[in-house]
Ligand SMILES: [Zn+2]
């Protein structure tokens with residue numbers, strides 16, 4: 001698999017039969033495999049496979065079989081100035097990201113992970129991924145003896161506020177001095193600093209831990225984006241080990257299943273020999289906060305990628321086909337894969353009586369008359385056919401008319417691309433909790449479904465003509 005950059009000239013790099021990936025902001029990732037018959041009759045590249053068969057009927061504007069998902073989850077993020085202390089405790093200021101079930105974050109063993117920007121010796125700045133692998137933070141509940149409140153209510157600014165240890169212990173570690181690690185910048189550089197150093201804005205020991213993970217000196221950590229996570233590892237559970245208890249199933253489960261579906265579909269060396277389509281996954285950041293960012297699903301990211309891929313139909317003369325982008329869009333299909341709600345036995349009345357998805361009974365097609373989901377009939381028939389061939393079950397979901405409904409990247413991508421789209425996802429409990437519950441068999445079902453979708457799309461596409 002070859003890494004592409006957005007600034008690369010793709011037409012000179014991409015070739016039929018090739019497999020590629022790229023990222024934007026290092027947080028949204030796109031991966032695709034080009035069929036060996038992708039507009040091969042116009043191809044002007046030495047990498048063309050001379051064995052590619054049945055090319056005579058190939059027209060410009062071939063389809064792209066796409067699965068979209070999101071990589072982000074609700075969390076708490078360390079504030080730009082996070083250093084606080086109160087009543088003998090060290091505390092770290094955090095900001096809510098997305099609509100989390102924040103009460104589940106209390107009394108958990110938390111730590112931080114994210115990226116640090118560090119200054120290299122040559123003056124350049126690079127990103128380092130960091131994960132502090134031990135519990136350093138905790139959001140404490142109040143003992144029931146001190147407040148017998150019926151409902152658990154709290155203020156998100158003042159009470160959803162992690163402690164990070166004791167001031168006394170930290171003074172002890174530093175030999176009783178309140179000395180902050182000094183910066184190693186030279187005198188003339190230190191003349192003017194537009195912002196206080198990270199070691200002043202945050203607790204110095206936290207910056208030291210981040211620097212240690214990044215294998216740099218604390219003074220070289222110029223800035224960072226750190227989010228909180230629960231250090232308890234995911235596990236398989238239930239009497240018969242049929243469940244899994246894990247953070248971030250929404251939506252890493254669908255990110256994982258779509259990635260494995262793509263990998264499995266191109267595993268055999270001959271898998272792309274007769275393929276006229278491109279098989280593509282796009283895993284977006286920022287779904288939980290509305291997707292309206294440069295790397296979110298509501299950006300130009302996927303439309304730009306599709307336009308560039310359709311332009312790979314450059315003729316021998318170097319002239320692009322004027323209509324290739326629109327032709328590709330009209331023949332393509334997007335599966336928007338985001339987790340769905342399993343029925344919760346303690347709240348069964350919250351679900352529409354004939355649409356209660358069950359765990360381990362297959363991936364759920366999400367339908368909404370008001371287009372909170374993009375699913376429509378042609379898509380249902382198509383995905384049903386892909387599921388029939390993979391021999392995996394499917395389920396149907398609508399919300400009650402008197403209930404609110406979530407939404408996802410499907411509607412915004414289908415409106416920006418104009419491509420046929422279907423929303424689906426595996427059933428789970430406790431969506432947006434710090435620890436969610438899913439069914440282990442549904443993982444295998446979704447991978448097989450996605451693999452079948454990729455393998456059969458270019459054949460099925462011709463059978464679903466709705467103009
Ligand atoms: Zn989601």
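In full-length UniProt numbering, the protein residues as written are 1 to 467.
Even glycine gets a Cβ: it sits at the ideal position worked out from N, Cα and C.
Rounding to the nearest angstrom, what Cα-Cα distance links residue 130 and residue 220 in this structure? 14 Å
Using 8 Å as the Cβ pair cut-off and three pairs as the minimum, do the region 404–413 and the region 441–458 touch? no
Please classify residue 103: does DSSP put it in a helix, a strand, or coil? helix
Does DSSP put residue 94 in a helix, a strand or coil? strand
Are at least three pairs of beta-carbons, each pair with one atom in the region 387–398 and one in the region 439–453, less than 8 Å apart? At 8 Å Cβ cutoff, the stretches touch.
Where in the region 229–287 do unbroken runs of the beta strand (DSSP E), each at least 3 residues long, occur, reported from the N-terminal end onward? Segments of the beta strand (DSSP E) lying fully in the region 229–287: 235–237, 243–246 and 278–284.
In whole angstroms, what separates the C-alpha of residue 305 from that of residue 282? Residue 305 and residue 282: Cα-Cα distance of roughly 10 Å.
I need the straight-line Cα distance from residue 223 to residue 135, nearest angstrom please. 22 Å
As a quick exercise: from 435, 384 and 360, pick the residue whose alpha carbon is nearest that of residue 464. For residue 464, the nearest C-alpha among the options comes from 384.
Please report the residue range of the alpha helix (DSSP H) in which residue 305 lies. Start and end: 301–310.
What does the alpha-carbon distance come out to for the pair residue 117 and residue 300? 26 Å
Tell me which residues share the same chain as residue 308 and place their Cβ nearer than 8 Å to its Cβ, disregarding the 5 neighbours each side in the sequence. 10
Within this structure, are the beta carbons of residue 231 and residue 109 separated by less than 7 Å? yes
Name the DSSP bridge partner or partners of residue 70? 284
Quick one: does the C-beta of residue 251 sit closer than 6 Å to a heavy atom of ligand 1? yes
Quick check: what's the CA-CA separation for residue 112 versus residue 140? 17 Å
Quick check on residue 220: does DSSP put it in helix, strand or coil? helix
Use the C-beta contact count for residue 381: other C-beta atoms within 10 angstroms, 16 or more gives buried, fewer gives exposed. The residue is exposed, with fewer than 16 neighbouring Cβ atoms inside 10 Å.
Straight-line Cα distance separating residue 303 from residue 467: Roughly 21 Å separates the two Cα atoms.
Is the beta carbon of residue 244 sitting closer than 7 Å to the one on residue 440? yes
On the premise that residue 82 lies in contact with residue 173, defined as a C-beta separation below 8 Å, what is that separation, rounded to the nearest angstrom? That pair is no contact at about 19 Å.
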